[in-house]
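In our numbering, the protein residues as written are 5 to 195. Before any comments, here is the structure.
What follows is the structure in structure tokens.
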């Protein structure tokens, strides 16, 4: 766990708000990341990590130690940050080449990664409990589900061939989160 002073330093940097203040080259943010990442640990006994192979906790710890973002890792392997985040939580499957690239970007042995989640591994996709209990996910769940049903009818938004983007938009009243989901609607059929 990070020291109290490191957490406070990161909180001070985050509080400043705009993306200019939060650039990866900001000295205070770099210092806070370095202090926090030196003792980065992920509890493997807490959901969702307790349902995944141990390598996922190790990947997240290595990411924290490096002070890397999902976007940084994505750039290193030619993938989008959303796909990388999905992989780190067991919701996407990487090729041996992609896994080796991630290992290289995080300075960990590639064979340790491919041995656990290489070509033999099959992701168990999906959420835990429904409705979800996390406030961020729950609000998305209830709002998006209701709006899709209202505008399209009874069906789902497919995540196959779906593009997801998360953007940060500076705003004087507080930074804004812009989520874009571009997925195909699939109606439920009656038989």
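Using N, Cα and C, we set each Cβ at its ideal position, and we do this for glycine too.
* To do: Check whether the region 50-70 touches the region 108-128, counting contact only when three or more Cβ pairs, one atom from each stretch, lie closer than 8 angstroms.
  => yes
* Asked: Along the chain, where does the beta strand (DSSP E) that runs through residue 186 open and close?
  -> For the purposes of this step, residue 186 is identified with residue 182 of the chain shown, where counting begins at 1. Its beta strand (DSSP E) spans residues 180-186.
* To do: Report the three-state DSSP secondary structure of residue 190 (helix, strand or coil).
  => Position 186 of the chain shown, counted from the start, is the residue given in the question as residue 190. Strand at residue 190.
* To do: Within the same chain, show all residues whose beta-carbon is closer than 6 angstroms to that of residue 84, passing over the 5 residues directly before and after it, in chain order.
  => Numbered from 1 along the chain shown, position 80 holds the residue referred to as residue 84. The answer, listed in chain order, is 78.
* Mark residue 72 as exposed unless 16 or more other C-beta atoms lie within 10 angstroms of its C-beta, in which case mark it buried. => In the chain shown, residue 72 corresponds to position 68, counting from 1. That one is buried.
* What residue range is occupied by the uninterrupted beta strand (DSSP E) comprising residue 160? -> As a first step, residue 160 must be located in the chain shown, where it is residue number 156. That run of the beta strand (DSSP E) goes 159-161.
* To do: Identify which residue in 139, 168, 175, 195 has its Cα closest to the Cα of residue 90.
  => Position 86 of the chain shown, counted from the first residue, corresponds to residue 90. Of the listed residues, the one whose Cα sits closest to residue 90 is 168.
* Kindly list the residues whose CB is nearer than 6 angstroms to the CB of residue 185, restricted to its own chain and excluding five residues on each side of it in sequence; keep chain order. => By one-based count along the chain shown, residue 185 stands at place 181. Correct list, in chain order: 168.
* **Range of the contiguous alpha helix (DSSP H) that encloses residue 172** => Position 168 of the chain shown, counted from the start, is the residue given in the question as residue 172. Looking at the DSSP string, residue 172 is not in any alpha helix (DSSP H); the run it does join, the beta strand (DSSP E), is 167-173.
* Which residues in the same chain have their Cβ closer than 6 angstroms to the Cβ of residue 118, if we skip the five residues on either side of it in sequence? -> In the chain shown, residue 118 corresponds to position 114, counting from 1. Excluding sequence neighbours, residue 118 sits near 100, 103.
* To do: Could you tell me if residue 82 is buried or exposed, where buried requires 16 or more neighbouring beta carbons within 10 angstroms of its beta carbon?
  => On the chain shown, position 78 is the one that residue 82 refers to. Exposed, by the Cβ-count rule.
* Asked: Can the beta-carbon of residue 179 be found less than 8 angstroms from the beta-carbon of residue 188?
  -> Residue mapping note: residue 179 aligns to position 175 of the chain shown, counting from 1. Residue mapping note: residue 188 aligns to position 184 of the chain shown, counting from 1. No, Cβ-Cβ distance for residue 179 and residue 188 is not below 8 angstroms.
* Taking all protein chains shown into account, do 16 or more other C-beta atoms lie within 10 angstroms of the C-beta of residue 107, making it buried, or fewer, making it exposed? -> Here residue 107 corresponds to residue number 103 of the chain shown, with the count starting at 1. The residue is buried, with at least 16 neighbouring Cβ atoms inside 10 Å.
* Other residues of its chain near residue 146: CB distance less than 8 angstroms, five sequence neighbours each side excluded -> Locating residue 146 in the chain shown gives position 142, where the first residue counts as 1. Result list for residue 146: 135, in chain order.
* Asked: Exposed or buried, what is residue 142 when buried is set at 16 or more other beta-carbons lying within 10 Å of its beta-carbon?
  -> For this step, residue 142 is matched to residue 138 along the chain shown. The residue is exposed, with fewer than 16 neighbouring Cβ atoms inside 10 Å.
* C-alpha distance - residue 26 paired with residue 181, whole-angstrom precision -> Locating residue 26 in the chain shown gives position 22, counting from the first residue. Locating residue 181 in the chain shown gives position 177, counting from the first residue. With a pLDDT of 35 at residue 26, under the threshold of 50, the modelled position of this residue cannot be trusted; read the value that follows with caution. Cα to Cα, the separation comes out at about 15 angstroms.
* Nearest-angstrom Cα separation, counted from residue 92 out to residue 149 -> Position 145 of the chain shown, counting from 1, holds the residue named residue 149. Position 88 of the chain shown, counting from 1, holds the residue named residue 92. Roughly 25 angstroms separates the two Cα atoms.
* To do: Taking residue 133 as the reference, give the member of 76, 67, 52 with the closest Cα.
  => Here residue 133 is taken as the residue at index 129 of the chain shown, counted from 1. Checking every option, the nearest Cα to that of residue 133 belongs to 52.
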